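So for the sequence shown, our numbering puts the first residue at 12; every next one is plus one. Where a beta carbon is used, it is the ideal one built from N, C-alpha and C, also for glycine. All values derive from a computational prediction rather than experimental measurement. Let me begin by presenting the structure, written as structure tokens, before commenting on it.
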Amino acid sequence: MVQATAGAAPGTKRKRQDGTEREDAIHQSISDAIVEHRLKPGSRLREDALAEVFGVSRTGIRKVLQRLAIEQLVTIAPRRGASVARPTADEAHEVFAARQMVECGLMAEVASRITSGELMELDALTRREVNALAEGNKSLAIRTSSEFHERLAQMSGNKTLAEFVGRLCSRSSLILAVYGSSGGEPMGCESHDHNELVRLLKDGDGAGASRFMLNHLKSVEASLSIVEGAEEVPDLYSIFGS
């Protein structure tokens, strides 16, 4: 008996690859919108509306939302569907405690192996953040601040911990959106803190960078205030429409 050859036809493989790439792009778009506070915590994410906005099937959207739920950026509830996650106060403290343990612990390794090119990259991210704030572009400033911390973790050479830091940074953005300030304006990292951190790393002062990172993260956490907000129904077309 002749067995069928393994693997799908080239056309089928190509369709699957195109589908996966499309889902990855949608995942990135929604993730960016959450991190940049364009999608607020608690906002409903209707599958039918997202499917229409992105021009894909509800099945594809459901896969993306399930990925975001695993990353704890989205909550999926029976009969209510998906919504942007709204971290509790306890979760907020846990996330910042985890960031303090991990990011501070990575500073010595980063300081010992960071290159001149990487220092230039961090400088560029800091300048981009400063310019975004000066121009009033809070979304870009938030994204750049998160990118700074993620890239810094990657420079440790530990991919597993760097991926973990990336997820913690995304969750931190949600936390800042919920508890950022009583005045409704999200708060985050001070750009001058990032400048000082780069200076310490340039000097090879891993211990100093670790202490500074601890104070930096504690300062951000201390700025939080618990303020409950109402559930929002976002205009998905204005957020994702071209």
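- DSSP, reduced to helix, strand and coil, places R222 within a helical segment of the structure shown.
- With 16 or more other Cβ atoms from the protein chains shown falling within 10 Å of its own Cβ, I125 counts as buried.
- Rounded to the nearest angstrom, the Cβ distance from F65 to L228 is 35 Å, too far for a contact under 8 Å.
- Taking 8 Å as the cut-off, the Cβ atoms of V209 and L130 count as close.
- Using a 10 angstroms sphere on the CB of H203, the tally of other CB atoms stays under 16, which defines it as exposed.
- Per DSSP, the beta bridge partners of I87 are A93.
- Excluding its 5 nearest sequence neighbours in each direction, G147 has no C-beta neighbour in its own chain below 8 Å.
- With fewer than three CB-CB distances shorter than 8 Å, the segment 91-105 does not count as touching the segment 149-159.
- The segment 58-72 and the segment 131-146 do not touch, with fewer than three beta-carbon pairs separated by less than 8 Å.
- Ranked by Cα distance from M224, the first of R182, F175, F159 is F159.
- In the three-state DSSP reduction, L144 falls in the helix class (H, G or I).
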